[in-house]
């Protein structure tokens, strides 16, 4: 019976091959979502090894961070953009889970991230969440939580106000657009905790800065950030 099922599965995969979400080539046996070649050659930042990396530098003098991390460098037309497009707009939220696990396997090697109490994804406004069907940052957070052995907290930091698109805005305009957009429902729950705030892509950092500013109003809270990609 098992042999017959294997033949059927092989026949189906021949007719409808699974494709790598990064390069588009066919996946072979034991490959999942991303082919082995891409897993090795994707543009990893290794920021978990560099405490003063360029993501951390974006927040110097703005908000106090314990650690700052992005898994990949983002380039237009590159494999990371392919991954992000499938993840955010094609409903393949399992890509976010996988990238979270890959990122978590790196972060667990850094002592800063070993004592994270909760992972908080940057929230979406309910209208955007309804349109997309899921919060991509939450999918990434779930994968991270598996590796860091901690919990994802989705419903404390909220986004009660919708904002204009950030596309083509300057850094100052982006920050003004996001200022006071986020709200913490239960600050007591986060007192004296180390929070890992996560998003999908960081460009100017205005969204993470706005979220972080709200969280850091809480007594004793320590804050780190992590994203899937860094876009220069």
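In full-length UniProt numbering, the protein residues as written are 1 to 232.
Beta carbons: idealized from backbone N, C-alpha and C, even for Gly.
If you run the structure through DSSP and keep just helix, strand and coil, what is residue i?
i, result
"residue 62", "coil"
"residue 187", "helix"
"residue 232", "coil"
"residue 29", "coil"
"residue 226", "strand"
"residue 196", "strand"
"residue 19", "strand"
"residue 203", "coil"
"residue 221", "coil"
"residue 150", "coil"
"residue 42", "coil"
"residue 144", "helix"
"residue 216", "coil"
Looking only at its chain, what residues have a beta carbon closer than 7 Å to the beta carbon of residue i, apart from the 5 residues adjacent to it on each side?
i, result
"residue 189", "156"
"residue 21", "33, 34, 82, 83, 86, 92, 95"
"residue 112", "66, 67, 224"
"residue 137", "121, 122, 198, 199, 200"
"residue 42", "22, 72, 79, 80"
"residue 209", "59, 62, 63, 175"
Do residue j and residue i have their beta-carbon atoms positioned less than 7 Å apart in this structure?
i, j, result
"residue 139", "residue 93", "yes"
"residue 110", "residue 48", "yes"
"residue 96", "residue 87", "yes"
"residue 201", "residue 226", "no"
"residue 223", "residue 205", "no"
"residue 181", "residue 161", "yes"
"residue 203", "residue 122", "no"
What's the call for residue i, buried or exposed, on a 16-neighbour Cβ count within 10 Å?
i, result
"residue 68", "buried"
"residue 98", "buried"
"residue 143", "buried"
"residue 135", "buried"
"residue 128", "exposed"
"residue 50", "exposed"
"residue 29", "exposed"
Please go through the same chain and pick out, in chain order, the residues whose beta-carbon is closer than 6 Å to the beta-carbon of residue i, but skip the five residues on each side of it.
i, result
"residue 117", "193, 194"
"residue 53", "47"
"residue 18", "27"
Identify, in the order they occur along the chain, each residue of the same chain with its Cβ nearer than 8 Å to the Cβ of residue i, setting aside the five sequence neighbours on each side.
i, result
"residue 145", "100, 104, 119, 151, 152"
"residue 148", "104, 107, 108, 113, 114, 116, 119, 196"
"residue 191", "218, 219, 220, 221"
Checklist entry - Fully enclosed by the region 44-123, which beta strand (DSSP E) runs are 3 residues long or longer? => result 67-74, 118-121
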